[in-house]
Every structure is written in structure tokens, then in C-alpha cells.
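Converting from the sequence shown to my numbering requires adding 85 to each position, the first position being numbered 1.
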Amino acid sequence: MQDKRYIVVGDHLTDEDGSPHFVEPLELCRLYKIDPSQAVLVDRRHHTYRIIMRKYPELPVLLPRQDGDYSLQKNNRLK
86 MQDKRYIVVG DHLTDEDGSP HFVEPLELCR LYKIDPSQAV LVDRRHHTYR IIMRKYPELP
146 VLLPRQDGDY SLQKNNRLK
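Take a look at the structure:
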């Protein structure tokens with residue numbers, strides 16, 4: 086997995102009407118405009134989430150954004 090550049094975490098966001106909405110990791114790849122093959126995809130609800138986060142501490146983590154701005158420069162861990 087040395088070619089992976091990101092960890093993409095599917096997680097919940099709260100919509101404007103207050104209802105929760107789950108954003109899948111593949112949808113996040115589309116929003117961030119990255120190739121899914123460059124990412125370790127994980128669902129925050131899944132038991133492997135913490136294992137993956139510990140296994141790849143050097144990779145930037147991409148999460149759903151409440152503000153809807155999915156430019157990679159907004160993620161402060163990206164260079």
C-alpha cells in the first residue's frame with residue numbers, strides 16, 4: 086500500500102435541517118477530486134477505523150466538511 090496518499094473517512098454530517106447524512110468514502114473521493122486508488126478508504130462506523138488510523142499515521146485524513154469546501158488546500162495536513 087505504499088502508493089496510498091490519503092485516508093478517506095466516510096462519516097456523518099448534519100444537514101441544514103438538522104438531519105444526519107452519511108457521506109461514503111467513494112463520494113468523498115469524488116468531492117475531493119482524487120482517484121480512489123490513491124486512498125485508504127474507511128468507514129468511521131466500522132471496527133477497522135482505529136486500526137487503519139494507527140497503521141498510516143503519516144497520511145493526511147480527508148473527512149466530510151460541513152462548509153462543503155473540498156479543495157485539498159483547505160486540509161491543513163496536506164502539503
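Even for Gly, the Cβ is constructed at its ideal location relative to N, Cα and C. Treat the numbers as computed from the prediction; the structure is a model and nothing was measured.
Can you tell me which of the options puts its alpha carbon nearest to the alpha carbon of residue i?
i           : options               : result
residue 129 : 118, 114 and 108      : 108
residue 153 : 112, 138 and 131      : 112
residue 101 : 157, 155, 151 and 158 : 151
residue 121 : 91, 136 and 158       : 91
residue 157 : 103, 117 and 99       : 117
Quick one: what does DSSP say residue i is sitting in, helix, strand or coil?
i           : result
residue 119 : coil
residue 98  : strand
residue 147 : strand
residue 110 : helix
Using the DSSP secondary-structure output, state which residues sit across from residue i in a beta bridge.
i           : result
residue 126 : 93
residue 105 : 99
Are residue i and residue j closer than 8 angstroms when you measure CB to CB?
i          : j           : result
residue 94 : residue 144 : no
residue 68 : residue 125 : In the structure as shown, the chain starts at 86 and stops at 164, and residue 68 therefore has no counterpart that could be examined.
residue 97 : residue 110 : no
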